[in-house]
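To start, the structure under review is shown below, and the notes come after it.
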Amino acid sequence: QEIISVTLSSVDHLKDLLEGGDDLNEKTSSNHQVLLNRISRIIDNVPGEATSETKKESGKTEEQPVKKVDTFNDPTYLIVFKPHHDLFKNGTNPLLLIDELHTLGHCKPYVRFDEIPLPQDFVPDHCYTYWQVLLSTSKTENDIKDVFIFVEDECELTIEKVSDINILVRSVITDEIAKIVSLGQNINLEMLQAMVQMLHKAEDEVDKSGTTSTNGALIKDAGISSIRVNSEKLDHLMSLVSELITTQAGLSLFSERANEPELQTIAENIEKISRQLRDNTFDICLIPIETVMVRFRRLVRDLSAGLGKEIQFVAEGTETELDKSIIEGLTEPLMHIFRNAIDHGIESIEDRLKKGKPRQGKIVLKAFYSGANVFLQVKDDGAGIDVDKIRQKAISRGFISPDARLSYKELLNLVFLPGFSTAAKVTEVSGRGVGLDVVVKKISEIRGEVEIESQLGIGTTISIKLPLTLSIIDGLLVKIDKTHFVIPLSGVDKCYEAAHESLVNTFNNIVVLDGKQVPFVNLRNEFDITENVPKLEQVIVVNYEDRKVGMTVDFVVGEYQAVLKPLGKLFKNQEVVSGATILGDGTIALVLDPSKIIMLFDRQAQIDREALLNKYK
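Under our numbering, read the sequence shown as residues 82 to 698, first letter to last.
Written as structure tokens, this is what we have:
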């Protein structure tokens, strides 16, 4: 423990020295001497290393490295499996045949799409794809043919031996093949055999010289597998991709209006390429959550030690990736959540032992993907939240009236109100009036949502729902009168058509869809649009928490890639619009936040219910 503590303190001290430069104040100099004394005490208490003579006397010798045995000498085959167009008619699934090849050995399939025709020539029940498969196996060529025995008359099949070794475990070759495939080129036997010869030649030169050959093109090519790029360049790349998508939307709109098949084909190809470019750029800008874990581990360790508590920190799913801008905006709210969990959540050692709990508390940070979102959960096994105490505190502070009827979840959500705190005294950690409202505010800035669950005596879980990226979203483009809106596609469940009269005359904004009662929000009323009301409206059903809620619009245009732009300071006091996007014809569409719209709708419904109850008291 002392070694770890000194190491961490030394890191902090070195940071202070680097930031301070030549200006060393009295505190820094004092810390320097204190750390030197602590390190000296640790060194004095470490027993000396045994000398080489002592080792000889004890009869112990250094262990020799165990020579590894190459177990990857199975031959490699190139298999080209080209199904006939009518393969699907007898119910054959070619993917099952590829899966069966995996059971024979080390298999690497490459699916090819270059024979897919233009849309006007496309026949849905025809098979246009084919596969080039590299298989390293100890099985014979006849064993490989047996996989395709039932479709041998319905496909073109070639099996050729590439090498007597498994080339799939040589990353130099697999990386080169991946480059060839990404360029749309076919794999052939001559190409693969040439790679194998170059590999053998390079390995022979390595064996002769004892060093890596600089003449082997493949070895040299594989030497640079990654590069470091300034984040500003990535931001600029993302900005250019966003502009490309906006321009592509304009081209698609123009091609539809021109009604030229050739132009529409070009527009579709550009749309496909822009989507691929967008996805690849997203991947480049994603970083794992693990990058900020060190800071959280340090916080839990230092704060728990300062409060006299024993707390274990567990991180799960740290390989989960998010946009770097989201990671940057996530750090501060997570730090605040951890402080609350350590100070308010986890009990003291004495209290935990009295309750029959382990003396060591536990805080778990879990990250995982769900649909188009990433979820983060911070869970502790502490005392949980006493909602009665929350209610009393809220009444005393004037947040709610004494006769307010709130559900358990609504009482829990009171902890997110500005200035709300249940701490009895002010400390460095809590009681300063800076509550969890800071968390909600910061998470909202990165288009996230926060939920809280708690069981008294068992623990508390705070869940954060985040988008993968902040710049470009897949949305549903809709219209109300002449105004365009974009609804994020990730939350859309289904669209229905309903008569305007049936929506106007409903009780309590409830409509029956597929035999189920669904509450709905009339967006015309929310945005005060009263002109040109259509006879038929569209009800877009979205998923909100554990229920489905509808939102009414005039017309659904279709799916749309929205490049999200900030609204500016004039709109900072509203919650329902998360940004804007420029459409292909230059008009502006507002990007809605369905969760905030439904939240405001529920809040107003609660106020109306309370007003009705008070009226008839």
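Where is the CB? At the ideal position from N, CA and C, for every residue including glycine.
Assumed close pair residue i, residue j - CB separation to whole angstroms, cut-off 8 Å
{"i": "V531", "j": "I554", "result": "No, V531 and I554 are not in contact; Cβ-Cβ is about 20 Å, not under 8 Å."}
{"i": "L700", "j": "G660", "result": "Outside the shown range of the chain (82 to 698) lies residue 700, about which nothing can therefore be said."}
{"i": "E618", "j": "L651", "result": "About 30 Å separates the two Cβ atoms, so there is no contact after all."}
{"i": "T255", "j": "L249", "result": "6 Å"}
{"i": "G529", "j": "Y641", "result": "At roughly 22 Å, the Cβ-Cβ gap does not stay under 8 Å, so G529 and Y641 are not in contact."}
{"i": "T218", "j": "L185", "result": "5 Å"}
{"i": "S535", "j": "L493", "result": "6 Å"}
{"i": "V602", "j": "I678", "result": "6 Å"}
{"i": "I423", "j": "L457", "result": "Not quite, the Cβ-Cβ distance comes to about 17 Å (not below 8 Å), so this is no contact."}
{"i": "I476", "j": "V496", "result": "14 Å between Cβ atoms; not a contact."}
{"i": "N703", "j": "N154", "result": "Examination of residue 703 is not possible in this model, given that the chain is present from 82 through 698 alone."}
{"i": "I527", "j": "I368", "result": "With a Cβ gap of about 14 Å, I527 and I368 do not count as contacting."}
{"i": "L594", "j": "T633", "result": "Their Cβ separation, rounded to whole angstroms, is 12 Å, which puts L594 and T633 out of contact at 8 Å."}
{"i": "K753", "j": "V630", "result": "Nothing in the structure corresponds to residue 753, since the chain is present only between 82 and 698."}
{"i": "F162", "j": "F231", "result": "The Cβ separation is near 13 Å, so there is no contact."}
{"i": "G398", "j": "K447", "result": "6 Å"}
{"i": "V520", "j": "H417", "result": "5 Å"}
Check whether residue i and residue j have beta carbons under 8 Å apart
{"i": "L116", "j": "V87", "result": "yes"}
{"i": "L98", "j": "T109", "result": "yes"}
{"i": "V455", "j": "T401", "result": "yes"}
{"i": "D467", "j": "D562", "result": "no"}
{"i": "L551", "j": "D404", "result": "yes"}
{"i": "E257", "j": "Y158", "result": "no"}
{"i": "P156", "j": "S252", "result": "no"}
{"i": "L216", "j": "L182", "result": "yes"}
{"i": "S336", "j": "Q329", "result": "no"}
{"i": "R671", "j": "V658", "result": "Looking at the sequence shown, residue 671 is not Arg but Leu. Yes."}
{"i": "F194", "j": "T173", "result": "no"}
{"i": "C208", "j": "L178", "result": "no"}
{"i": "H581", "j": "P615", "result": "yes"}
{"i": "F419", "j": "V459", "result": "yes"}
{"i": "G410", "j": "K523", "result": "yes"}
{"i": "T662", "j": "A643", "result": "yes"}
{"i": "I225", "j": "I326", "result": "no"}
{"i": "Y191", "j": "I268", "result": "yes"}
{"i": "L434", "j": "C366", "result": "no"}
With 16 other Cβ atoms within 10 Å as the buried cut-off, status of residue i
{"i": "S488", "result": "exposed"}
{"i": "I85", "result": "exposed"}
{"i": "H425", "result": "buried"}
{"i": "Q598", "result": "exposed"}
{"i": "H565", "result": "buried"}
{"i": "L673", "result": "buried"}
{"i": "T293", "result": "With a pLDDT of 45 at T293, under the threshold of 50, the modelled position of that residue is not reliable, and the figure given next carries that caveat. By the neighbour-count rule (16 or more Cβ atoms within 10 Å), T293 is not buried but exposed."}
{"i": "Q213", "result": "buried"}
{"i": "I370", "result": "buried"}
{"i": "V375", "result": "exposed"}
{"i": "K59", "result": "The requested residue 59 does not occur in the structure, where the chain is confined to residues 82 to 698."}
{"i": "L89", "result": "exposed"}
{"i": "L415", "result": "buried"}
{"i": "A131", "result": "Because A131 sits at a pLDDT of 41, beneath the cut-off of 50, its placement in the model cannot be relied upon, and the following sentence gives the value as read from the coordinates. Result: exposed."}
{"i": "P205", "result": "exposed"}
{"i": "V310", "result": "exposed"}
{"i": "L517", "result": "buried"}
{"i": "G596", "result": "exposed"}
{"i": "R359", "result": "buried"}
{"i": "P675", "result": "buried"}
{"i": "P723", "result": "Because the chain is modelled from 82 through 698, residue 723 falls outside the range shown and cannot be assessed."}
{"i": "V592", "result": "buried"}
{"i": "G140", "result": "Model confidence at G140 stands at a pLDDT of 41, short of 50, so the residue's coordinates are unreliable and nothing is read from them."}
Touch test, the stretch 306-320 against the stretch 539-547, Cβ-Cβ under 8 Å, three pairs minimum: no
Inter-stretch contact at 8 Å, needing at least 3 Cβ pairs: the stretch 378-394 / the stretch 441-458: yes
Contiguous beta strand (DSSP E) assignments of at least 3 residues, all confined to the stretch 428-455: 441-451
Alpha helix (DSSP H) runs wholly inside the stretch 311-378, at least 4 long, in chain order: 312-339 and 342-366
Complete runs of the alpha helix (DSSP H) confined to the stretch 224-266 [at least 4 residues]: 252-263
Given 8 Å, three or more beta-carbon pairs between the stretch 420-432 and the stretch 373-391: Using a Cβ-Cβ distance cut-off of 8 Å, the stretch 420-432 and the stretch 373-391 are in contact, since at least three pairs of beta carbons, one from each stretch, lie closer than that value.
Every unbroken beta strand (DSSP E) within the stretch 531-600, with a cutoff of 3 residues, ordered by chain: Runs of the beta strand (DSSP E) lying entirely within the stretch 531-600 and spanning at least 3 residues, in chain order: 540-548, 553-561, 564-569, 573-580 and 591-594.
Stretch pair the stretch 199-206 + the stretch 227-242: three plus CB contacts closer than 8 Å: no
The stretch 334-353 contacting the stretch 316-323, beta-carbon criterion three pairs below 8 Å: no
Any 3 or more C-beta pairs closer than 8 Å across the stretch 621-629 and the stretch 567-584: yes
Whole alpha helix (DSSP H) elements within the stretch 636-662, 4-residue minimum: none
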